[in-house]
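Below you'll find the structure, written out as structure tokens, and then a few comments.
Residue numbers (our numbering): 3 to 596.
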């Protein structure tokens, strides 16, 4: 089989965590972000001795000190070096708004989800802030990651001045949803690099996998020894990671030697806590109208955001049943803008469930719970589909910030507790962040994963009339060939091991004159794509093998064995020429453009 002529591109390999003094993890979430770190010597003695930061909120929402800070970024457009992140960004934005000095500032919030929605993300891709002003996404993400990185390093210096590691002694881990497109994961690598994290010291952890590693260390029963890490071989459990933006679900099986095997391809969608916020916004639209609410947002930027801050606080502690009324304090500007709000409420079907009292809106708890309904039903359907595929599970572990919602917890228990045990760890919102540190110390603990895509190589084969389309026909040195064939190595949904090469295949150049064998790697969402130009296919990497001069004149003497290793968040491709020389390339499971 012959492969096509293409250009080459190499990438560096990540260093092992056991070569380093410290693992530092950044959990970059849709709603909240944070970091954690763990020294190697502590990991060996007690892997749960994970250090985090306490972020101080100056607002009146009762947050106080938290182990995560809001994922929001305030940037001075005149001097992009003046930035504020998290609670500091919220506080500074409020001050600027009160002083009527917000012009010339960008304020980004919930911007992580933009990467989930885009099919392809390039370096010049732009996103809008809450005011509708555009900026390069790479700038926004790199400044955010850079802030968290610098804050983490300062925290280590302040707490452990005698243990401050050298830059080269740190393994950095950044978490991403498992269901993200590979182009989004690639973008996060670029942002981390721009933020000053060396690529050789960076690894990407999939959020539900990271949570799984922490959950292994947690007690799930009354006995302290009752942990997933003590489950017998063959036991299976689900990680239901419900975050602010996405829901990520994975299922692991316990193997021998303390390893794990993924037995169901990562599944999920845009079903996080922000979907509940969207339902609340739709409720406001039904009261005042979409156009008028948008106008209010433009003229009262800070107050508009405060409405949703108040909603965020209330939605965390909504009772699962009862006839209580939930009271939200709304800004004075809202009532000044919508002076007939009380009258409008009486003209809607909400009149028996919504009451305006002074500067407050009181919502019946049944109606408030309706804001959760569609999102929770969609999550339950996902879990149900997976259970139908994998069968019995020992445990469903609910992690992520949205998993701390009592309404979601009750829905999952009502639906599935008769089939399996439901566990919600204390501080479920921290499982990904802390688990990412453990993953950084032992990334090989996941022995195998389900391939999210079909992978193969582009090649050219003899043209078969009546089988191959005429537009794929080309003639090389008098021989009729069919171009762009997808030669499959791994199929979507196939279990692929981290430490084993898959599907070794033989390739050779098109002609005797070729001194280089170019190899082009493709991914596809189809089980059996025919051509690399099919809509389901994307090119994820290219490289070339140069032949020694003494291999002979015939193309048959220049055969190359190509094999691929999957299972981690990277793809390793090896090409072995006839002399035995091994050419190794490493890709970040990343899709690019054809």
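The C-beta atom is built at its ideal place from N, Cα and C for all residues, glycine as well.
Let's test the definition: count the other Cβ atoms within 10 Å of the Cβ of residue 163 and tell me whether it reaches 16, buried, or not, exposed.
Locating residue 163 in the chain shown gives position 161, where the first residue counts as 1. The residue in question, residue 163, is exposed, as its Cβ has fewer than 16 Cβ neighbours within 10 Å.
Give me the residue from 245, 241, 438 and 248 with the minimum Cα distance to residue 255.
Here residue 255 corresponds to residue number 253 of the chain shown, with the count starting at 1. Out of 245, 241, 438 and 248, 241 has the C-alpha closest to the C-alpha of residue 255.
How would you call residue 596, buried or exposed, if buried means at least 16 neighbouring beta carbons within 10 angstroms?
Indexing the chain shown from 1 puts residue 596 at position 594. Legend: pLDDT at residue 596 = 28, less than 50; position of this residue unreliable, value from coordinates given subsequently. Classification of residue 596: exposed, given that the 10 Å Cβ count is below 16.
Give the secondary structure of residue 454 by DSSP, where H, G and I count as helix, E and B as strand, and everything else as coil.
Within the chain shown, the letter at position 452 stands for residue 454. DSSP places residue 454 in coil when its eight states are reduced to three.
What are the uninterrupted segments assigned as beta strand (DSSP E) that are 3 or more residues long and contained completely in the segment 44-117, given in chain order?
You should have 74-78, 85-87 and 107-111.
Report the three-state DSSP secondary structure of residue 311 (helix, strand or coil).
What you label residue 311 is simply residue 309 of the chain shown in a count that begins at 1. Correct three-state label for residue 311: helix.
In the DSSP assignment, find the alpha helix (DSSP H) that holds residue 386 and state where it starts and stops.
Taking the first residue of the chain shown as 1, we reach residue 386 at position 384. Note, residue 386: alpha helix (DSSP H), 367-392.
Let me confirm a value: residue 577 is counted as buried when at least 16 other C-beta atoms fall within 10 Å, else exposed. Which label applies?
Counted from its first residue, the chain shown places residue 577 at position 575. With 16 or more Cβ atoms within 10 Å of its Cβ, residue 577 is classed as buried.
Can you tell me where the alpha helix (DSSP H) holding residue 201 begins and where it ends?
Stepping through the chain shown from its first residue, residue 201 is reached at position 199. Residue 201 -> no alpha helix (DSSP H), and no H or E assigned at all.
In its own chain, which residues sit with a C-beta less than 6 Å from the C-beta of residue 209, not counting the 5 before and 5 after it?
The residue you call residue 209 lines up with position 207 of the chain shown. Hits under 6 Å: 177, 179, 243, 250 and 434.
Taking the Cβ atom as the reference point for each residue, do residue 25 and residue 442 lie within a distance shorter than 8 Å?
Locating residue 25 in the chain shown gives position 23, counting from the first residue. Locating residue 442 in the chain shown gives position 440, counting from the first residue. A contact, by the Cβ cut-off of 8 Å.
How would you call residue 439, buried or exposed, if buried means at least 16 neighbouring beta carbons within 10 angstroms?
Residue mapping note: residue 439 aligns to position 437 of the chain shown, counting from 1. Buried.
Spatial neighbours of residue 281 within its chain, please: C-beta separation below 6 Å, excluding the five flanking residues on both sides.
Mapped onto the chain shown, residue 281 falls at position 279. Excluding residues within five positions, the ones whose Cβ falls inside 6 Å are 373.
Helix, strand or coil: which one does DSSP assign to residue 462?
In the chain shown, the residue the question calls residue 462 occupies position 460. Residue 462 falls in the strand class under three-state DSSP.
Please state whether DSSP places residue 287 in a helix, a strand or coil.
Within the chain shown, the letter at position 285 stands for residue 287. Reduced to three states, the DSSP call for residue 287 is helix.
Just checking, does the segment 125-135 make contact with the segment 28-46 on the three C-beta pairs under 8 Å criterion?
Not touching, per the Cβ criterion.
Are the CB atoms of residue 245 and residue 32 nearer to each other than 8 Å?
Position 243 of the chain shown, counted from the start, is the residue given in the question as residue 245. Position 30 of the chain shown, counted from the start, is the residue given in the question as residue 32. Cβ distance < 8 Å, so residue 245 and residue 32 count as in contact.
Using only the alpha-carbon positions, how far apart do residue 105 and residue 80 sit?
One-based indexing of the chain shown puts residue 105 at position 103. One-based indexing of the chain shown puts residue 80 at position 78. In a straight line, the C-alpha of residue 105 is about 11 Å away from that of residue 80.
To the nearest angstrom, how far is it from the Cα of residue 426 to the Cα of residue 398?
Within the chain shown, numbered from 1, the residue matching residue 426 stands at position 424. Within the chain shown, numbered from 1, the residue matching residue 398 stands at position 396. Rounded to the nearest angstrom, the two C-alpha atoms are 9 Å apart.
Using alpha carbons as the reference points, say which of 580, 586, 581 and 563 lies closest to residue 574.
The residue you call residue 574 lines up with position 572 of the chain shown. Closest by alpha carbon: 586.
So residue 292 is in the alpha helix (DSSP H); what residue range does that whole segment cover?
Here residue 292 is taken as the residue at index 290 of the chain shown, counted from 1. 292-301 is the extent of the alpha helix (DSSP H) around residue 292.
For residue 442, report the span of its alpha helix (DSSP H) as first-last.
Locating residue 442 in the chain shown gives position 440, where the first residue counts as 1. Looking at the DSSP string, the run of the alpha helix (DSSP H) that includes residue 442 is 433-443.
My parser needs the beta strand (DSSP E) runs of 3 or more residues fully inside the segment 503-549; what are they?
Fully enclosed beta strand (DSSP E) runs of 3 or longer: 504-509, 518-526 and 539-548.
Would you call the CB atoms of residue 212 and residue 117 closer than 8 Å?
Numbered from its first residue, the chain shown carries residue 212 at position 210. Numbered from its first residue, the chain shown carries residue 117 at position 115. Not in contact: residue 212 and residue 117 (Cβ atoms no closer than 8 Å).
What are the boundary residues of the alpha helix (DSSP H) that residue 213 is part of?
Along the chain shown, read from residue 1 onward, the residue named residue 213 stands at position 211. Taken as a continuous stretch (DSSP letters only), the alpha helix (DSSP H) holding residue 213 covers 209-217.
DSSP three-state label for residue 338, please.
Position 336 of the chain shown, counted from the first residue, corresponds to residue 338. The answer is helix: DSSP assigns residue 338 an H, G or I state.
Going by beta carbon distance, what residues of the same chain come within less than 7 Å of residue 226, once the five residues before and after it are set aside?
The count along the chain shown starts at 1 and reaches residue 226 at position 224. Per-residue confidence for residue 226 stands at a pLDDT of 49, beneath the threshold of 50, marking its modelled position as unreliable; the derived number appears in the next sentence. Correct list: empty, nothing qualifies.
Please state whether the Cβ-Cβ distance between residue 504 and residue 565 is less than 8 Å.
One-based indexing of the chain shown puts residue 504 at position 502. One-based indexing of the chain shown puts residue 565 at position 563. Their beta carbons are under 8 Å apart, which means residue 504 touches residue 565 by this criterion.
Let me know the secondary structure DSSP gives residue 180 once reduced to three states.
Residue mapping note: residue 180 aligns to position 178 of the chain shown, counting from 1. In this structure, residue 180 counts as coil in the three-state DSSP scheme.
Do you know whose CA, among 159, 288 and 422, lies nearest residue 390's CA?
By one-based count along the chain shown, residue 390 stands at place 388. Checking every option, the nearest Cα to that of residue 390 belongs to 422.
Rounded to the nearest angstrom, what separates residue 314 and residue 190 at their Cα positions?
The residue you call residue 314 lines up with position 312 of the chain shown. The residue you call residue 190 lines up with position 188 of the chain shown. Approximately 27 Å between the Cα atoms of the pair.
Assess contact between the segment 287-305 and the segment 328-338, defined as three or more Cβ pairs (one per stretch) separated by less than 8 Å. Is contact present?
Yes, since at least three Cβ pairs between the segment 287-305 and the segment 328-338 fall closer than 8 Å, the two stretches touch.
Compute the Euclidean distance between the alpha carbons of residue 38 and residue 265, then round it to the nearest angstrom.
Residue 38 sits at position 36 when you count from the first residue of the chain shown. Residue 265 sits at position 263 when you count from the first residue of the chain shown. About 28 Å.
For residue 463 and residue 471, what's the separation of their Cα atoms in angstroms?
One-based indexing of the chain shown puts residue 463 at position 461. One-based indexing of the chain shown puts residue 471 at position 469. Answer to the nearest angstrom: the Cα atoms are 13 Å apart.
Please report how far the alpha carbon of residue 220 lies from the alpha carbon of residue 516, in whole angstroms.
Looking up residue 220 in the chain shown gives position 218. Looking up residue 516 in the chain shown gives position 514. Whole-angstrom Cα-Cα distance: 58 Å.
Got a sec? Which residues, its chain only, sit under 7 Å from residue 476 by beta carbon, not counting five neighbours each side?
For this step, residue 476 is matched to residue 474 along the chain shown. Contacts found: 483 and 485.
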